[in-house]
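Since the structure comes first, as C-alpha cells, the remarks are kept for the end.
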Amino acid sequence: SALLVNLYAHCSKAGFGSRTFGKGFYTPSLGFLTQKSWRSFDASLSGEWAFPQARRFGSGKVDPGFVYSAIASLGYRLSNFRLGISLGPNYEEEKTLEGLSLSGGSKLVWDSTFVFSYTQDDFWSYSVSYLDQTLMGPAKNTKLNRSLALGINYRIPQ
157 SALLVNLYAH
167 CSKAGFGSRT
177 FGKGFYTPSL
187 GFLTQKSWRS
197 FDASLSGEWA
207 FPQARRFGSG
217 KVDPGFVYSA
227 IASLGYRLSN
237 FRLGISLGPN
247 YEEEKTLEGL
257 SLSGGSKLVW
267 DSTFVFSYTQ
277 DDFWSYSVSY
287 LDQTLMGPAK
297 NTKLNRSLAL
307 GINYRIPQ
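Last residue of the sequence shown: 314 in my numbering, with the numbers rising by one and none dropped.
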C-alpha cells in the first residue's frame, strides 16, 4: 500500500500556432497528482489549472481565459494484466478580444477512458486505450471525440 502525492508548476510560451498549449500565450500552470495502491487495486486523482496571459496582436488584445482539467481513475491488476477506467472534465474559459467573445462561450467536455495493458517483463509493456467524450456530460461549445490508441513501452535499463 502506497500513497504518492506530486505537486508541480510549469510556465511556457509557445509560438503562435505551436502545440505546447496550442495558444501562443505565456501560460503559468499548477497541478497535482496523487496515487494510492492496495494489493490488486490502484486509484489516482490529478488536476491542472493553467492561466494563459492576455497578449496583444497588432491593435487588439486577446485574453484566452483560464483552463482546468482533472482525472479520477481506478485500476485492477491481475498477474501481468491491468484494466483501468478514468473520468475527468476539461474546461476552457471563454476567449475574448477587447471584451468581445471569440469562441462563443466557455468550453466543457468530459473524457471517459478505458485502458487494458499487459506487462511482459521489467522492460516491455503494451496497452490499448479507448477515449470517448460522448459517454458523460454535459458537453458545451466543443466537438466530441472518440479515439483508440495502441501503446508499446520500453523502459531503458539504468
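Beta carbons: idealized from backbone N, C-alpha and C, even for Gly.
CB residue i to CB residue j, shorter than 8 angstroms?
i      : j      : result
Thr269 : Ile308 : no
Ser225 : Gly261 : no
Tyr286 : Leu304 : yes
Arg211 : Phe181 : yes
If you draw a straight line from the C-alpha of residue i to the C-alpha of residue j, how long is it?
i      : j      : result
Ala228 : Thr190 : 10 angstroms
Phe177 : Gln276 : Here Phe177 scores only 46 on pLDDT, less than 50, and its place in the model should not be relied on; the value that follows carries that caveat. Looking at the two C-alpha atoms, the distance is approximately 34 angstroms.
Met292 : Tyr247 : 14 angstroms
Pro294 : Asp278 : 41 angstroms
Phe237 : Ser273 : 6 angstroms
Pro184 : Asp288 : 28 angstroms
Tyr310 : Trp280 : 5 angstroms
In the DSSP assignment, find the unbroken beta strand (DSSP E) run with residue i in it and report its ends.
i      : result
Thr290 : No beta strand (DSSP E) holds Thr290; DSSP gives it neither H nor E.
Gln191 : 182 to 194
Phe237 : 237 to 248
Asp219 : 216 to 219
Asp277 : Where Asp277 is concerned, there is no enclosing beta strand (DSSP E), given that its DSSP letter is neither H nor E.
Phe213 : 211 to 213
In or out: residue i buried (at least 16 other Cβ within 10 Å) or exposed?
i      : result
Gln209 : exposed
Gln314 : exposed
Pro220 : buried
Val223 : buried
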